[in-house]
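Numbering (UniProt numbering), first residue to last: 1 to 186.
Below: one structure, written as structure tokens.
Shown next, in the form of structure tokens:
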């Protein structure tokens, strides 16, 4: 969200916020890289002069880091974010994949699995991973926003709304929903 919001500032502040977003993503990615399974724990501790350490060691397949990588990839075009996303996906494949789906880990240090696949793994985590490797023309960020459950909602401004008349009701405005723009690069 910091990366998305960075465009609302002048060049110096915009770069400052984008740099902060990139540093936060690097830290989140390193949560994954810091464990034997390459999957992040639920939280981490930071101690002055020491490496970070896993606080709560379970992983329930949360989407937030890959969501951040998706946004940063779209906003910067930096392939590093795709590489990091691929590494996280490979860690899910290696450590969380079972015959009937994916499960979380009780401990990211030992790889002991739990017995549940959270619904947000399919709806959010895998969706953001898919979009991380899709062309920017698939759900372009200047036409769509995502709600907290990663459902895309088309951006419709008041200027784009067309009045619709119904003989039984007063005139109402409804958004015009057009088809997806093809051939868009970005």
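In this text, a Cβ means the ideal position worked out from N, Cα and C, and glycines have one as well.
What's the C-alpha gap between residue i and residue j?
i	j	result
residue 22	residue 72	7 Å
residue 16	residue 133	27 Å
residue 13	residue 75	16 Å
residue 9	residue 144	21 Å
residue 187	residue 58	Summary: the structure shown does not reach residue 187, with the chain confined to residues 1 through 186, and so no result is reported for it.
residue 91	residue 7	33 Å
residue 97	residue 159	47 Å
residue 41	residue 110	11 Å
residue 118	residue 142	30 Å
Could you tell me whether the Cβ atoms of residue i and residue j are closer together than 8 Å?
i	j	result
residue 131	residue 70	yes
residue 108	residue 39	yes
Per DSSP, residue i is paired with what?
i	result
residue 144	154
residue 101	98
residue 113	105
residue 59	105
residue 53	45
Excluding the 5 residues flanking residue i on each side, which residues of the same chain have their C-beta closer than 8 Å to its C-beta?
i	result
residue 115	103
residue 64	28
Within its chain, find whatever has a CB closer than 7 Å to the CB of residue i; leave out the 5 residues flanking it on each side and keep chain order.
i	result
residue 123	149 and 150
Among the residues of its own chain, which have a CB less than 6 Å from the CB of residue i, if the five just before and after it don't count?
i	result
residue 84	29 and 69
residue 157	none
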